[in-house]
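This report refers to the structure that appears directly beneath it.
There are 2 protein chains.
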Amino acid sequence: MPVTTREVHLTARPRGEPTPQDFALVERALPELGEEQMLVRNLAVSVDPYMRGKMNGKRTYTDPYELDEPMDGGAIGVVQESRSGDFPEGTTVLHAAGWREHAVLDAARVRPVNVPESLSPTAYLGVLGMPGLTAYVGLLDKARMQRGDTVFVSGAAGAVGGIVGQLARIKGAARVVGSAGSAEKVAYLVDELGFDAAFNYKDGPVAEQLAGVAPDGVDVYFDNVGGEHLEAAIGAASDFARFALCGAVSSYNATEPQPGPRNMFLIVTKRLSLQGFIVGDSDRSSDFYREMVPLVAEGRLKFAETTVDGLDNAVEAFISMLRGGNIGKMVVRTGT
Amino acid sequence: MPVTTREVHLTARPRGEPTPQDFALVERALPELGEEQMLVRNLAVSVDPYMRGKMNGKRTYTDPYELDEPMDGGAIGVVQESRSGDFPEGTTVLHAAGWREHAVLDAARVRPVNVPESLSPTAYLGVLGMPGLTAYVGLLDKARMQRGDTVFVSGAAGAVGGIVGQLARIKGAARVVGSAGSAEKVAYLVDELGFDAAFNYKDGPVAEQLAGVAPDGVDVYFDNVGGEHLEAAIGAASDFARFALCGAVSSYNATEPQPGPRNMFLIVTKRLSLQGFIVGDSDRSSDFYREMVPLVAEGRLKFAETTVDGLDNAVEAFISMLRGGNIGKMVVRTGT
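Taken in sequence, the protein lines are chains P and C.
First residue of the first sequence? That's 2 in my numbering, and the numbers climb one at a time after it.
First residue of the second sequence? That's 2 in my numbering, and the numbers climb one at a time after it.
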């Protein structure tokens, strides 16, 4: 058993965009295994947009990251040593202990996963993990998507958005449109993921571009971006449209309050429903796995990963992801 | 039977606050009664905030007012002549033909009302009419108020708001707070309607005043006002709070788009639900009457009316109502 491991600590609370100076890679001694504990060697660590919020010092729906402590978050690894009968050595496990190469974990905080042969374990950080469940719950439960709906998703080339669009198609949406931040991503959405249309939000006003791809209105909007996108979606919404508000990545690095939609009264006249949600509240995991594992394993629901190698590069991966440097799930590979 | 009647026409589309020059009082010949028609002598005509939207030329959830035509809207009257067996002379009726002293109406467009002895017929324009149903549907169905909730209503001294607050109390709210635009209205809310606390939004920032009266957070917000009130309510909301968005009177006379809430991301982190609604979509009338008529007739649910006499003064009444010149329902008395 190794005696030390490396972890990424938050050392300063970022103002605006995080910089490498806000973090430190720290070598730390591993504790002895207690009863019902195990040593997990991480294969990959997840970096996700929500983590930006936890870097601020304020509690929201979850506690903020502590300074000079490892940051938690999704990770997948292999049991290397075990004092739990339920987790023999070699078991692939998912856990939330985040940004480190090894972790000593209680059995109660670890979930074994049975990775289908056709898939990489990292799928459980993305399409079959928290981002996938977020897409599933937001689209089906919060936006209550119905067959025949026109569905718009922002941040559509991200870990969540690409799944939203494909799930919408599988569930019978009449039209699926998305926005993303580069021509390459737009092509990926249309050519690879089967979106009916997509646009690069940097090419012009979102409202105009959205009207172009959804001229008959939007019944469901899945919001990962906030800001101008949300205002445009309110403007484009059909009567009784339903919005699942999942994130607002456009504002995560903002240092001042961002302007809100100037067309809020349309929520009344169009009878819109806006529902904010956090995937952690959901109890739909078993439905999700039952539906999604076959779809993904058989290739009927595609996903992409942008992989960065080494915990040394986790901070760069995180900063890049907030800038939109990823297609699909951003994953940091930490071992084999 | 009179041969002419007087009507208020919209003659110009207001920009900003309406002025008397946007309207005309017009004398017009009454048509002969056809089969299943009746002549109604109006007792009172309703002026309501939503009418401002219909004065703009654009269709929203309803058609705009036509220029040089009488404006429709709620009215209560008495059948003066009838060619419908279902509506004998003397029947009190509710209809939507609005701003006029008499109207010739098809029986299909008229509803008879059985006014309890303790009430004035004008109650059917307010607490037992569209505004009352709006309060009922918004609070119970859209905001899904539960026993024990803290409920905040803006525009609380208006036709809808005062009913929202009292219904919330009757349905077991733990705390009921409201905002209004004068010290007199604030006193009315607390002393007459039994609100736990209220504030004058002109006295200081809404967010600060709301935090003062609802220090433990808001579970239900019934929005009649929009703008700064909506932002403050998002800020004060408890996790999983539910907002019924009914109106935005703060912006009805605006000539430029109004700034939206700068804290929209709290909708995600607090998992808020914002539901816009229009009372006309509701099918809850029979539940509403069954519950509300006894409450009102027995005086357990109070209501106020601000009455203006004469159709000549209807325009002034409407303009005054948009400025907050009313306590409770603004009613224009047009006959006896």
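Every residue gets a Cβ at the ideal spot worked out from N, C-alpha and C, and that includes glycine.
Note that the coordinates shown come from a computational prediction; the quantities given were computed from them, not determined experimentally.
Helix, strand or coil: which one does DSSP assign to residue 62 of chain C? coil
Just list the residues that DSSP pairs residue 93 of chain P with in beta bridges. P/79
So, residue 333 of chain C versus residue 309 of chain C, is the Cβ gap smaller than 8 Å? yes
Chain P contacts made by the stretch 261 to 285 of chain C, where a contact means CB separation under 9 Å: 261, 262, 263, 264, 265, 266, 267, 268, 269, 270, 271, 272, 273, 274, 275, 276, 277, 278, 279 and 282
Buried or exposed for residue 2 of chain C, going by 16 or more other Cβ atoms inside 10 Å? exposed
Taking only beta-carbon atoms, is residue 252 of chain C less than 8 Å away from chain P? yes
Which partner residues of residue 39 of chain P appear in the DSSP bridge assignment? P/83 and P/106
Can you list, in chain order, the stretches of the alpha helix (DSSP H) that have 4 or more residues and sit fully within the stretch 144 to 197 of chain C? 162 to 171 and 184 to 188
Distance cut-off 7 Å: residue 176 of chain C Cβ against heavy atoms of the ligand ATP: Judged by which ligands are present, the structure shown has none, so any question about the ligand ATP falls away.
Tell me the residue span of the beta strand (DSSP E) that contains residue 30 of chain C. 24 to 30
Burial state of residue 171 of chain C, where buried means 16 or more other Cβ atoms lie within 10 Å: exposed
Leaving out five residues before and five after residue 201 of chain P in sequence, what residues of the same chain have Cβ atoms less than 7 Å from its Cβ? Answer for residue 201 of chain P: 181, 182, 183, 184 and 187, listed in chain order.
Taking CB distances under 8 Å as the criterion, tell me whether residue 259 of chain P reaches chain C. yes
Residue 137 of chain C: contacting residues in chain P (beta-carbon distance under 7 Å): By Cβ distance, chain P contributes nothing, its closest Cβ being about 17 Å from residue 137 of chain C, past 7 Å.
Curious, which full-length alpha helix (DSSP H) runs of at least 4 residues does the stretch 239 to 312 of chain C contain? 266 to 270 and 286 to 298
Within 8 Å, strictly: CB atoms of residue 34 of chain P and residue 82 of chain P: yes
Residue range of the unbroken beta strand (DSSP E) whose run includes residue 222 of chain C: 219 to 224
Quick one: what does DSSP say residue 316 of chain C is sitting in, helix, strand or coil? helix
Neighbour flag for residue 256 of chain C against chain P, beta carbons, 8 Å: no
Would you tell me roughly how many angstroms separate the C-alpha atoms of residue 307 of chain C and residue 324 of chain C, rounded to the nearest one? 13 Å
Cβ of residue 159 of chain P within 8 Å of any chain C Cβ: no
If the criterion is Cβ atoms closer than 8 Å, does the pair residue 236 of chain C and residue 267 of chain C meet it? yes
Checking the sheet assignment: what are the DSSP bridge partners for residue 330 of chain C? Partner(s): C/306.
Measure the beta-carbon distance from residue 232 of chain C to residue 263 of chain C and round it to whole angstroms, keeping in mind my assumption that it falls under 8 Å. 6 Å
Tell me which residues share the same chain as residue 255 of chain C and place their Cβ nearer than 8 Å to its Cβ, disregarding the 5 neighbours each side in the sequence. 17
Could you tell me the distance, in whole angstroms, from the CA atom of residue 6 of chain P to the CA atom of residue 78 of chain P? 14 Å
Top-ranked residue by Cα proximity to residue 38 of chain C, from C/226, C/141, C/96 and C/289: C/96
Segment contact flag, the stretch 134 to 146 of chain C with the stretch 101 to 114 of chain C, C-beta cutoff 8 Å, min 3 pairs: no
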